[in-house]
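Q:
Number of protein chains: 2
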Amino acid sequence: MTKTLTRRDWLRQSGLVLGGSIVAASGALATPIKVKNYKKIRTPIRMMFNENPYGPSKIARMVMTKAFDEGSLYAHNGALVELKKILADKEGVTPDHIIIGSGSREVLNVTALHYLYNGGEVVANYPGYETLNRYAENLGAKVHRIRVMGDMSPDLAKLEQAVNSNTKLINICNPNNPTGVAIGAKLLEPFCRKMESKCLVFVDEAYNDYVMDPGYRSMNYLVKEGLNVMVTRTFSKIHALAGIRVGYGVAKPEIIRNLESKITGTVNILGLRAAMASLDDESFQKSSREKNIEAKEIVYDILNKTGRQYAKSEGNFIFFHTGKPIKEFKENMERKGIIVGRPFPPFDDWCRLSMARPNEMYKFKTAFQKTMS
Amino acid sequence: MTKTLTRRDWLRQSGLVLGGSIVAASGALATPIKVKNYKKIRTPIRMMFNENPYGPSKIARMVMTKAFDEGSLYAHNGALVELKKILADKEGVTPDHIIIGSGSREVLNVTALHYLYNGGEVVANYPGYETLNRYAENLGAKVHRIRVMGDMSPDLAKLEQAVNSNTKLINICNPNNPTGVAIGAKLLEPFCRKMESKCLVFVDEAYNDYVMDPGYRSMNYLVKEGLNVMVTRTFSKIHALAGIRVGYGVAKPEIIRNLESKITGTVNILGLRAAMASLDDESFQKSSREKNIEAKEIVYDILNKTGRQYAKSEGNFIFFHTGKPIKEFKENMERKGIIVGRPFPPFDDWCRLSMARPNEMYKFKTAFQKTMS
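Chains as they are written, first to last, in my numbering: chain A, 1279 to 1651; chain B, 1279 to 1651.
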């Protein structure tokens, strides 16, 4: 009998629905995006964690403020169910196919936990996003890291060869972090279809929302078909909610049930409300995407003019060749007020640079030119 | 080289420090506590989840609003370290003795995970807080539930007898949920000292901040001594942040390291900031505590006048004998607009009633009298 508000009821009650349409959809609050204390909080300039420099959006902030009243309540389960429904619609599956975690990191961790606590092996694209691998290694599992090909894309043939009877999952990040390269559905789909009978094919799609390549496709439709495939997403990137901690996974209901029985955390109500609102706030997403392209063009231009090798990125970061040990390059840049990405072995003279605002990218340009000269 | 702000720097920068003292400490914003939409969000009246009906506090709301700027950043690790230091000071231990989770629920879950994934048994006071037991049972572990004594306090002698060579931990909640009874340090300390060589003695102290009994004491000093004892606390009760998800555990550094390697979630930045601010906001805590006593007195008076048996509670709830099946009583009360606690077997004709605001307790009185007549 606990009263449940639908999202629209809740937004209406909160005064966030104007004339029948949600404020974000009207575009009224979409631009310009202003963040208080922006400079203070981003000094030195943050180009190291693939954060979105434009958020949280105004709509997300408004909704979280309204949700403070729910902050003292154990009311997050209702909102969790509501967000699952919205995500299920978006992904073309049912809510039973969705697990929501405190960031996609929690979904990565609990997947490693479920599949690898009692031993087993992981086959992972390398360099890739290491969270799942590290959780697995903490449990004592073995991780086979398979180096990307020359174009920085996953070496699917070698990943396949590395799978053995102890392999519990294949870990691929697409677009890949830190290389930024996305692998097209024409290659990835047959790989998933072939391998899913051997082990879980796990595809981390954290940067999905930034992809421009028309050949890219989420593997969510393979989940819908009932395949042993899982994809993960995050609200930390295009939705700019990294510190608020919301992410999710899409997989068969039996997998989701197993993961949910082992997850340790609970997503906070402000994050759940912000995520729902942010999904509707298409103008914020569009603006973040466009500004990201603008920032990348600035960096490509610098790299082209200086003859530096780089991978064309479908994410909000660019991986490029500095020709210097990354530790040294990183320290040099930090002395100039810019933090760049950590080492990503085996590419120890490459740098992962997260896109900041275009004006900050020009500051990067100046610092980069001084460092490289 | 990432810039780290101390708590005071952060509050000053945020404009929350006035004349050298934090606003909360000045008392300026302490009363009256007003929550927007209070009635809407608490209709029907919520007396079922042991929530604090007065929060989140104004200070917590202000701090969370200021922290929105950090919401798009992976900046929570810095704040996590900062909160650990504050909690370590409060508990008389070092930061290495502290684990912070998304609610104390996450700490309970990860403790069950670490100690029971590979089998083993739990000995638990019953009825008690079941989260840890249920996580353990999901993993296939056996839980021995030892019924409380006639006065609703844990039966320490029988708990001791139930421990065997497979027992990984003893699970006690003190003050106990749902009975509200607290066991004094004179009894619990020697029990901990005796049992800690056999298994972890786990004491969930979620309601610690409401206790008035001078014989009660947190077992944190046994952790400091190096004993195999662990205590947990939450920001969901006196700090009124249940939906924001912050809690913590105190144990030996080697235990903390093991638990941290297995935790799946990450605490959100708004919760970390709110928790720090709320710890300083003593007037809010004092007010919540006093109002809770006032509400309990109203209920005791009703129960005394109607001759109903109850347990004297050190928490923010009262467990009392209705003499009717709780399912029936609960449905009756819900028809009158009040939600009371769920069944707590084996006490199937008892009700756990969470304290709401005093005026709501008078509404309970009316509904109760009609239901019982």
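Where a beta carbon is used, it is the ideal one built from N, C-alpha and C, also for glycine.
Is there at least one Cβ from chain B nearer than 9 Å to Asp1347(A)'s Cβ?
A: The residue labelled residue 1347(A) in the question sits at position 69 within the first sequence. Yes, Asp1347(A) counts as interfacial toward chain B.
Q: Kindly indicate the opening and closing residues of the beta strand (DSSP E) around Leu1466(A).
A: In the first sequence, residue 1466(A) corresponds to position 188, counting from 1. Run containing Leu1466(A): none in the beta strand (DSSP E); it sits in the alpha helix (DSSP H), Ala1463 to Met1473.
Q: Determine the direct distance from the alpha carbon of Gly1349(B) to that of Arg1383(B), and round the result to whole angstroms.
A: Stepping through the second sequence from its first residue, residue 1383(B) is reached at position 105. Stepping through the second sequence from its first residue, residue 1349(B) is reached at position 71. Their Cα atoms are separated by approximately 23 Å.
Q: Any beta-carbon of chain A closer than 9 Å to the one on Gly1397(B)?
A: In the second sequence, residue 1397(B) corresponds to position 119, counting from 1. No, Gly1397(B) lies away from the interface with chain A (no Cβ there is under 9 Å from its Cβ).
Q: Rounded to whole angstroms, how far is the Cβ of Thr1544(A) from the Cβ of Gly1381(B), which I believe are closer than 8 Å?
A: Counting from 1 along the first sequence, the entry for residue 1544(A) is found at position 266. Counting from 1 along the second sequence, the entry for residue 1381(B) is found at position 103. 5 Å between Cβ atoms; contact.
Q: Out of curiosity, what's the CA-to-CA distance linking Lys1446(B) and Thr1584(B)?
A: If you number the second sequence from 1, residue 1446(B) lands on position 168. If you number the second sequence from 1, residue 1584(B) lands on position 306. Distance between the alpha carbons of Lys1446(B) and Thr1584(B) is about 44 Å.
Q: Interface residues of chain B around Asn1610(A) at Cβ under 8 Å?
A: Mapped onto the first sequence, residue 1610(A) falls at position 332. Within 8 Å Cβ-Cβ: nothing; Asn1610(A) doesn't reach chain B, min ~12 Å.
Q: Cys1451(B) bridges to which residues according to DSSP?
A: Here residue 1451(B) refers to the residue found at position 173 when the second sequence is read from its first residue. Answer is Asp1482(B).
Q: Buried or exposed, going by whether 16 or more other CB atoms sit within 10 Å of the CB of Pro1623(A)?
A: For the purposes of this step, residue 1623(A) is taken as the residue at position 345 of the first sequence. Label assigned to Pro1623(A): exposed.
Q: Could you check where the alpha helix (DSSP H) with Tyr1526(B) kicks off and where it finishes?
A: For this step, residue 1526(B) is matched to residue 248 along the second sequence. Per DSSP, Tyr1526(B) belongs to no alpha helix (DSSP H); it is in the beta strand (DSSP E), Gly1525 to Val1528.
Q: Ordered along the chain, which non-local residues of its own chain (more than five positions away) have a Cβ less than 6 Å from that of Arg1495(B)?
A: Taking the first residue of the second sequence as position 1, residue 1495(B) is located at position 217. If we look at Arg1495(B) and ignore the five residues flanking it on each side, its Cβ neighbours are Ala1463.
Q: Could you give the residue range of the alpha helix (DSSP H) that holds Tyr1413(A)?
A: Stepping through the first sequence from its first residue, residue 1413(A) is reached at position 135. From DSSP, the alpha helix (DSSP H) with Tyr1413(A) extends over Thr1409 to Asn1416.
Q: For the stretch 1322 to 1339 of chain B, which residues have a CB atom closer than 8 Å to at least one CB atom of chain A, in sequence order?
A: Here the close residues are Pro1322, Arg1324, Phe1327, Glu1329, Asn1330, Pro1331, Tyr1332, Gly1333, Pro1334, Ala1338 and Arg1339.
Q: For the candidate residues Thr1600(A), Ile1448(A), Val1618(A) and Ala1435(A), whose alpha-carbon lies nearest to that of Leu1465(A)?
A: Stepping through the first sequence from its first residue, residue 1465(A) is reached at position 187. Nearest C-alpha to Leu1465(A): Ala1435(A).
Q: Given a threshold of 16 other Cβ atoms within 10 Å of its Cβ, counted over all protein chains shown, does Gln1563(A) qualify as buried or as exposed?
A: Residue mapping note: residue 1563(A) aligns to position 285 of the first sequence, counting from 1. Gln1563(A) is buried by the Cβ-count criterion.
Q: Kindly indicate the opening and closing residues of the alpha helix (DSSP H) around Ile1364(B).
A: Taking the first residue of the second sequence as 1, we reach residue 1364(B) at position 86. Looking at the DSSP string, the run of the alpha helix (DSSP H) that includes Ile1364(B) is His1354 to Glu1369.
Q: Of all the CB atoms in chain B, is at least one closer than 9 Å to the CB of Tyr1316(A)?
A: One-based indexing of the first sequence puts residue 1316(A) at position 38. So, interface residue.
Q: By the three-class DSSP mapping on this structure, what secondary structure does Thr1388(A) have?
A: Mapped onto the first sequence, residue 1388(A) falls at position 110. The question names Thr, but residue 1388(A) is Val in the sequence shown. Three-state DSSP puts Val1388(A) in a helix.
Q: Taking its Cβ as the centre, do 16 or more other Cβ atoms sit within 10 Å of Glu1360(B), making it buried, or is it exposed?
A: Residue numbering aside, residue 1360(B) sits at position 82 when the second sequence is read from its first letter. Glu1360(B) comes out buried.
Q: Smallest Cα separation from Glu1532(A): which of Arg1567(A), Met1508(A), Thr1649(A) and Ile1461(A)?
A: On the first sequence, residue 1532(A) is found 254 positions in, with the first residue counted as 1. Residue Met1508(A) is the option with its Cα nearest to Glu1532(A).
Q: Answer with yes or no whether the minimum CB distance from Thr1309(B) to chain A is below 9 Å.
A: Reading the second sequence from its first residue, position 31 is the one you call residue 1309(B). Caution applies to Thr1309(B), whose pLDDT of 40 falls short of 50 and renders its modelled position unreliable; the value that the coordinates give is listed next. For Thr1309(B), the answer is no, since every Cβ of chain A falls outside 9 Å of its Cβ.
Q: Look up Tyr1488(B) in the DSSP assignment and say whether it is helix, strand or coil.
A: In the second sequence, counting from the first residue as 1, residue 1488(B) sits at position 210. In this structure, Tyr1488(B) counts as helix in the three-state DSSP scheme.
Q: At the 9 Å Cβ level, is Val1301(B) part of the contact set with chain A, yes or no?
A: Counting from one through the second sequence, the residue named residue 1301(B) turns up at place 23. Unreliable placement is indicated for Val1301(B), whose pLDDT of 44 sits below 50; the coordinate value is still reported in the next sentence. No - not a single Cβ of chain A is within 9 Å of the one on Val1301(B).
Q: Cβ of Lys1569(A) within 8 Å of any heavy atom in the ligand HEM?
A: The ligand HEM is not part of this structure, which contains no ligands at all.
Q: Should Ser1514(A) be flagged as near chain B, meaning a C-beta pair shorter than 9 Å?
A: By one-based count along the first sequence, residue 1514(A) stands at place 236. Chain B contact via Cβ: present.
Q: Are the beta-carbon atoms belonging to Asn1536(B) and His1392(B) less than 9 Å from one another?
A: Against the second sequence, residue 1536(B) aligns to sequence position 258. Against the second sequence, residue 1392(B) aligns to sequence position 114. The answer is yes: Cβ separation under 9 Å.
Q: Quick one: which residues of the stretch 1529 to 1547 of chain A get their C-beta closer than 8 Å to a C-beta of chain B? List them in chain order.
A: Those would be Ser1539, Lys1540, Ile1541, Thr1542, Gly1543, Thr1544, Val1545, Asn1546 and Ile1547, in chain order.
Q: May I ask you to list the residues that DSSP assigns as paired with Asn1403(A)?
A: Here residue 1403(A) is taken as the residue at index 125 of the first sequence, counted from 1. Looking at the DSSP assignment, Asn1403(A) forms a beta bridge with Ile1424(A).
Q: Should the stretch 1443 to 1460 of chain B be regarded as contacting the stretch 1593 to 1603 of chain B, the criterion being three or more beta carbon pairs within less than 8 Å?
A: Yes: at least three Cβ pairs fall under 8 Å.
Q: Among residues of its own chain, excluding the 5 on either side of Ala1357(B), which ones have a beta-carbon nearer than 7 Å to its beta-carbon?
A: Residue numbering aside, residue 1357(B) sits at position 79 when the second sequence is read from its first letter. Result list for Ala1357(B): Ile1547, Leu1550 and Arg1551, in chain order.
Q: In whole angstroms, give me the CA-to-CA distance for Gly1619(B) and Pro1373(B).
A: Residue numbering aside, residue 1619(B) sits at position 341 when the second sequence is read from its first letter. Residue numbering aside, residue 1373(B) sits at position 95 when the second sequence is read from its first letter. Their Cα atoms are separated by approximately 36 Å.
Q: So, at 8 Å on beta carbons, what are the nonlocal neighbours of Leu1264(B) in its own chain, with the 5 sequence-adjacent residues on each side left out?
A: Here chain B covers residues 1279 to 1651 and nothing more, so residue 1264(B) does not appear.
Q: How close, in whole Å, do the beta carbons of Asn1449(A) and Val1371(A) come, if the pair is a contact with beta carbons under 8 Å?
A: Here residue 1449(A) refers to the residue found at position 171 when the first sequence is read from its first residue. Here residue 1371(A) refers to the residue found at position 93 when the first sequence is read from its first residue. About 21 Å; that fails the 8 Å criterion.
Q: Go ahead and pull the three-state DSSP assignment for Ile1604(B).
A: Taking the first residue of the second sequence as 1, we reach residue 1604(B) at position 326. In the structure shown, Ile1604(B) sits in a helix (DSSP, three-state: H, G or I).
Q: Would you verify that the beta carbon of Gly1593(B) is, or is not, closer than 9 Å to some beta carbon of chain A?
A: By 1-based counting over the second sequence, the position of residue 1593(B) is 315. False, the Cβ-Cβ gap to chain A never drops below 9 Å.
Q: For Arg1523(B), decide whether its Cβ has a neighbour in chain A, counting only Cβ atoms nearer than 9 Å.
A: In the second sequence, the residue the question calls residue 1523(B) occupies position 245. Closer than 9 Å: yes.
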